[in-house]
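Protein sequences appear in the order of chains W and B.
Quick note on my numbering: the first sequence kicks off at 56 and runs consecutively.
Quick note on my numbering: the second sequence kicks off at 13 and runs consecutively.
Glycine included, every Cβ here is placed at the ideal spot set by N, Cα and C.
This report concerns only the one structure given below.
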Amino acid sequence: VTEPRAGGVLALLARIFAWSVLLFPLWYLAAKPVSVAVASGAVVLVKAATPVERARVRWVEQRIVYEVELDGATTYRNRLPPGAIFELSSNPLRQTFGLPFFLALLLASRPPRAVRRALLGMVVLSALAALGVASEVAVDLGTIVDPAGAALVAFGSVAATLWALGFQLGTLVFPTVVPVMLWVAMDPRYLRTAAGHEGPRSLSP
Amino acid sequence: MLFAAIVVLLFAAELTPPGQKYFVEPWTALVAKAATAFMRAFDSGVIALGPTITDAASGFAVTILAGCNGVEAMIVLVAALLAYPAPLRHKLIGLAAGIVAIQALNLVRIVSLFYIGQWNRAVFEWAHLYAWQVLIMLDALVVWLLWLRTLPQAPSAETRAAA
Numbered sequence: 056v057t058e059p060r061a062g063g064v065l066a067l068l069a070r071i072f073a074w075s076v077l078l079f080p081l082w083y084l085a086a087k088p089v090s091v092a093v094a095s096g097a098v099v100l101v102k103a104a105t106p107v108e109r110a111r112v113r114w115v116e117q118r119i120v121y122e123v124e125l126d127g128a129t130t131y132r133n134r135l136p137p138g139a140i141f142e143l144s145s146n147p148l149r150q151t152f153g154l155p156f157f158l159a160l161l162l163a164s165r166p167p168r169a170v171r172r173a174l175l176g177m178v179v180l181s182a183l184a185a186l187g188v189a190s191e192v193a194v195d196l197g198t199i200v201d202p203a204g205a206a207l208v209a210f211g212s213v214a215a216t217l218w219a220l221g222f223q224l225g226t227l228v229f230p231t232v233v234p235v236m237l238w239v240a241m242d243p244r245y246l247r248t249a250a251g252h253e254g255p256r257s258l259s260p
Numbered sequence: 013m014l015f016a017a018i019v020v021l022l023f024a025a026e027l028t029p030p031g032q033k034y035f036v037e038p039w040t041a042l043v044a045k046a047a048t049a050f051m052r053a054f055d056s057g058v059i060a061l062g063p064t065i066t067d068a069a070s071g072f073a074v075t076i077l078a079g080c081n082g083v084e085a086m087i088v089l090v091a092a093l094l095a096y097p098a099p100l101r102h103k104l105i106g107l108a109a110g111i112v113a114i115q116a117l118n119l120v121r122i123v124s125l126f127y128i129g130q131w132n133r134a135v136f137e138w139a140h141l142y143a144w145q146v147l148i149m150l151d152a153l154v155v156w157l158l159w160l161r162t163l164p165q166a167p168s169a170e171t172r173a174a175a
């Protein structure tokens, strides 16, 4: 294991900020491809786990719009016209801001094989973001009601709780906690040096 | 692995109805009260109603909800402190210092968002949804890295051999 780059915790923090200033605007500029990619992954999960037969993803005014068609049984049970389309929307940036955060952490410490680690981390974070977006879509799906106010898609209490949990995790935990966990796992040199497990201390606050 | 297990356990506990009722809701109310008291010290136009803080002049209001209370960052820090092998006294000191550091920055977050929201709604959304979430987690990370430096050093292989 090589020594961390020169400087202490505050130097690391300064580098994280510097990379964030570059990476967050880039991520925001790439909002459309990032959001469409993650939403497309989310649609696969939604179709597998909910009574959605077909779903189409569109990018409209900085948001993703999902055109969903419920499966035959749900359509028949609710006496919906065949091929009825429902529109839901979400902002997948709420689930993907962990991507620039993770890259800023990684680039600030520059571990060996950084590109490979960056790609691996982005795959993990994108998959978790897709899960978070799918949960949001499923939660929204449960809010579609008929004229009498009854939900068209009635999830069981466990399923509804799990989708709500997925939404919470997807917006609050995955984009903030997972980047840090991935960074610690991929570049543990700061921890080892800070705790005096190897070499001289190089972490001066 | 231990860290991940503690994180999952604490998040699950936080999200249960008792966790919300007996910890998250009172804690959030406390955070809202602290933020209001802080802001009223220099801005008499701030009105508080429960977790909602309103600017009397503009009518702009923010409501402190779960997710704006720093609990997630505290959970991560608690898990990191518990999972790392260290004397209990050091863990407790780290916990106290960490909670103070996270909540102090969270107070800055709430105050800044309250005024940013009155200035520009787009910047408010950006700061609220992305920037401050990352900053609070970075705060927890920095506290933890600094805490690691305060731990008693494990004897090196040479020291052990000499002894």
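By the rule that beta-carbons nearer than 7 Å mark a contact, PHE222(W) does not touch chain B. The C-beta of PHE156(W) comes closer than 7 Å to at least one C-beta of chain B.
With its beta carbon less than 7 Å from one in chain W, VAL154(B) belongs to the interface. LEU104(B) has its alpha-carbon roughly 43 Å from the corresponding atom of LEU84(W). Contact of TYR34(B) with chain W is not assigned, every C-beta pair being separated by 7 Å or more.
Per DSSP, GLU116(W) lies in no beta strand (DSSP E) and is assigned neither H nor E. DSSP places SER144(W) in the strand class (E or B) of the three-state scheme. Taking 7 Å as the Cβ-Cβ cut-off, the region 76-91 of chain B approaches chain W at GLY79, GLU84 and VAL88, given in chain order. For PHE136(B), no chain W residue has a Cβ inside 7 Å of its Cβ, as the nearest lies near 14 Å away. When Cβ-Cβ separations below 7 Å define contact, VAL74(B) makes no contact with chain W.
The Cβ atoms of ILE18(B) and ALA95(B) sit closer than 7 Å to each other. For the pair of segments examined, the region 234-243 of chain W was found to touch the region 159-175 of chain W: the number of CB pairs separated by less than 8 Å reaches three. Judged by pairs of C-beta atoms under 8 Å, the region 73-89 of chain W touches the region 146-154 of chain W, as three or more such pairs exist.
Between GLY110(B) and LEU89(B) the beta-carbon gap is near 4 Å, inside 8 Å, which marks them as a contact.
Following the DSSP letters along the chain, one finds LEU61(B) inside the beta strand (DSSP E) bounded by residues 58-61. According to the DSSP assignment, THR216(W) belongs to the alpha helix (DSSP H) that extends over 212-223.
Residue-level contact by beta carbon fails for PHE210(W) and chain B, as no gap is shorter than 7 Å. LEU147(B) and ALA214(W) have their C-alpha atoms roughly 33 Å apart. Here the alpha carbon of PHE222(W) sits roughly 12 Å from the alpha carbon of ALA97(W). In terms of Cβ geometry, VAL123(W) and ALA110(W) form a close pair [threshold 7 Å].
Residue-level contact check: MET13(B) does not touch chain W, since none of the beta carbons of chain W fall below 7 Å from its beta carbon. Note on geometry: alpha-carbon atoms of LEU148(W) and ALA86(W) lie some 7 Å from one another. Setting aside the 5 residues that flank it on each side, PHE156(W) is surrounded in the same chain by PRO234, each with a C-beta closer than 6 Å to its C-beta; the list follows chain order.
With 16 or more neighbouring CB atoms inside 10 Å of its own CB, PRO106(W) falls in the buried class.
Put simply, the CB of GLN145(B) is near chain W, with a gap under 7 Å to one of its CB atoms.
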